[in-house]
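Going by the numbering used here, the sequence shown opens with residue 502, and the numbers climb by one from there.
Every residue gets a Cβ at the ideal spot worked out from N, C-alpha and C, and that includes glycine.
Since we're looking at a predicted model, the values are computed, not measured.
Each remark here refers to the structure printed beneath this line.
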Amino acid sequence: MVHAYKTNLVGPLLTAKAFLPLLKKAAQGSPEKGMSCRKAAIVNISTVLASLEKSPETFYKPVISYRCSKAALNMLTRCQMLSYREDGILCAAIHPGWVKTDMGTQEADLTVDESVRGILTVLSALSEKHNGSFLNWLGKPIPW
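Next up, the structure:
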């Protein structure tokens, strides 16, 4: 469990902390109004398996450490949103889908290219109204 938390929570937390001065500088120096990924953003890669509301329907495999660490990442995303909104930094969590990787296996629904293409489309459309949101690779909201 400790390894999962270090990877899925502590790593993103420390990465955001390291980049925070640059993110603040980018947000303050941008001529753009509102929030966007073109200005300054923290986007955490989460999973639908971390959704508390959806946990009964997604509990097909007891990957408890992974699920709990990603649920903690979702809380971090919300805390980042509350902490950095005055700085103009957009914060969101994105579920990349079930992807054909070593972790997702070849039984997964999406290829890496399909997932990445979707995520890039979502990132380009994120705005202030998405601050603090949890979305999938198609931009559809996922309940916390």
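Per DSSP, reduced to three states, the secondary structure at PRO642 is strand. Per DSSP, CYS538 lies in no alpha helix (DSSP H) segment and is marked neither H nor E. Here LEU553 is not bridged, per DSSP, to any residue.
With fewer than 16 other Cβ atoms inside 10 Å of its own Cβ, GLN529 counts as exposed. DSSP, read as helix, strand or coil, puts VAL564 in coil.
Residue pairing from DSSP places ALA594 in a beta bridge opposite ASN545, PHE635.
Within the same chain, Cβ atoms closer than 7 Å to the Cβ of THR548 are found at LYS571, HIS596, the five residues on either side in sequence being excluded. Within the same chain, Cβ atoms closer than 6 Å to the Cβ of ALA541 are found at LEU524, ALA527, ALA528, ILE590, the five residues on either side in sequence being excluded.
Spatial neighbours of PRO642 in its own chain (CB-CB distance under 8 Å, excluding positions within 5 residues in sequence) are listed in chain order as SER634, PHE635, LEU636. Counting the other CB atoms within 10 Å of its CB gives PRO513 a total of 16 or more, which places it among the buried residues. Ranked by how close their Cα comes to the Cα of LYS601, the residues ALA593, ALA594, CYS592, VAL613 have VAL613 in first place. Straight across, the Cα-Cα distance linking ALA505 with GLU629 is about 31 Å. A Cβ-Cβ distance of about 5 Å is found for the pair ALA594 and ASN575, placing them in contact under the 8 Å criterion. Apart from sequence neighbours up to five positions away, the residues of its chain that approach SER531 with a beta-carbon distance below 6 Å are LYS540, ordered along the chain.
With fewer than 16 other Cβ atoms from the protein chains shown falling within 10 Å of its own Cβ, ILE565 counts as exposed.
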